[in-house]
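J.: Submitted below is the structure of interest, expressed as C-alpha cells.
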Amino acid sequence: MQIEETKNEFKPLIVAFCCNWCSYAGADLAGSSRLSYPANVKVIRVPCSCRVNPLFILRAFQRGADGVIIAGCHPGDCHYTSGNYFARRRMTLLFSMLDFLGIERERTRVEWISAAEGAKFSATMNEFVATIHNLGENKKLEDLRCKE
Numbered sequence: 272m273q274i275e276e277t278k279n280e281f282k283p284l285i286v287a288f289c290c291n292w293c294s295y296a297g298a299d300l301a302g303s304s305r306l307s308y309p310a311n312v313k314v315i316r317v318p319c320s321c322r323v324n325p326l327f328i329l330r331a332f333q334r335g336a337d338g339v340i341i342a343g344c345h346p347g348d349c350h351y352t353s354g355n356y357f358a359r360r361r362m363t364l365l366f367s368m369l370d371f372l373g374i375e376r377e378r379t380r381v382e383w384i385s386a387a388e389g390a391k392f393s394a395t396m397n398e399f400v401a402t403i404h405n406l407g408e409n410k411k412l413e414d415l416r417c418k419e
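Structure representation (C-alpha cells):
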C-alpha cells in the first residue's frame with residue numbers, strides 16, 4: 272500500500288531555460304561541486320536569456336510543465352551586451368499575459384545566476400521546485416495529447 276502512495280506522489284516537471292554563458296555554467300558548477308537539485312528540472316541551454324521567446328514558455332505549459340524558470344546573466348554582465356534587459360522586459364509582458372490566462376504568477380520565474388554561483392543555482396532550483404510542489408499540478412493550457 273505504501274509503495275502505491277509513493278508512485279502517485281506529485282513530482283512537478285520544471286523547465287529551466289539557461290543562458291549558455293552564465294546560468295548553464297552555474298548549473299555545471301553545481302553539478303561538479305556535488306550540490307543537488309531535483310532531477311525533474313529539465314535544463315534547456317539557450318545562447319542568451321533574450322533568446323527565450325514567450326511562446327516557448329506557453330508551449331512548455333501546454334506540453335505539461337508545471338513551472339518554467341528563465342535563468343540568465345546578471346544585468347550588466349550579459350555576453351551580448353543588453354540581452355538580459357530585453358529578456359526582463361519581455362518576461363514582464365509575459366507575466367501579465369499569464370495572469371490574464373489564469374496561470375499562477377509563481378509558476379514562472381526569472382533569475383540572474385552567474386557562472387560562479389553554483390550554490391545559488393542549486394538553491395534556486397530547490398526552492399522553485401518546492402514552490403511548484405505546493406501549488407500542485409498545472410491544469411491550465413494542458414494539452415491532453417501530451418499526457419502519457
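Following this note's numbering, the numbering of the sequence shown begins with 272 at its first residue and continues without gaps.
C-beta: ideal position from N, C-alpha, C; glycine also.
1. Please go through the same chain and pick out, in chain order, the residues whose beta-carbon is closer than 7 Å to the beta-carbon of residue 406, but skip the five residues on each side of it.
2. Under 6 Å Cβ to Cβ from residue 327, same chain only, skipping five residues before and after it: list those, please.
3. By Cβ distance, which residues of its chain are closer than 6 Å to residue 381, with the 5 residues on each side in sequence left out?
4. By the 10 Å Cβ neighbour count, where 16 or more other Cβ atoms means buried, how is residue 364 classified, buried or exposed?
5. Out of curiosity, what's the CA-to-CA distance linking residue 297 and residue 389?
6. Between which two residues does the alpha helix (DSSP H) carrying residue 398 extend?
7. Out of 360, 349, 372, 336, point me to the one whose CA is closest to residue 286's CA.
8. Just verifying my parser: in three-state terms, what is the DSSP assignment at residue 321?
9. What alpha helix (DSSP H) runs, 4 residues minimum, are completely inside the stretch 283-367?
T.: In terms of the structure at hand:
1. The residue given as residue 406 occupies position 135 in the sequence shown. Cβ within range, chain order: 375, 377, 378.
2. Position 56 of the sequence shown, counted from the first residue, corresponds to residue 327. By the criterion of a C-beta distance shorter than 6 Å, residue 327 is surrounded by no residue of its chain, once the five residues flanking it on both sides are discounted.
3. Position 110 of the sequence shown, counting from 1, holds the residue named residue 381. 341, 362.
4. Here residue 364 is taken as the residue at index 93 of the sequence shown, counted from 1. Using a 10 angstroms sphere on the CB of residue 364, the tally of other CB atoms stays under 16, which defines it as exposed.
5. Position 26 of the sequence shown, counting from 1, holds the residue named residue 297. Position 118 of the sequence shown, counting from 1, holds the residue named residue 389. CA-to-CA, the gap between residue 297 and residue 389 works out to about 4 Å.
6. Counting from one through the sequence shown, the residue named residue 398 turns up at place 127. Run containing residue 398: 389-406, per the alpha helix (DSSP H) assignment.
7. On the sequence shown, residue 286 is found 15 positions in, with the first residue counted as 1. Of 360, 349, 372, 336, the smallest CA-CA separation from residue 286 is found for 336.
8. Counting from 1 along the sequence shown, the entry for residue 321 is found at position 50. It is helical.
9. Runs found: 294-303, 325-333.
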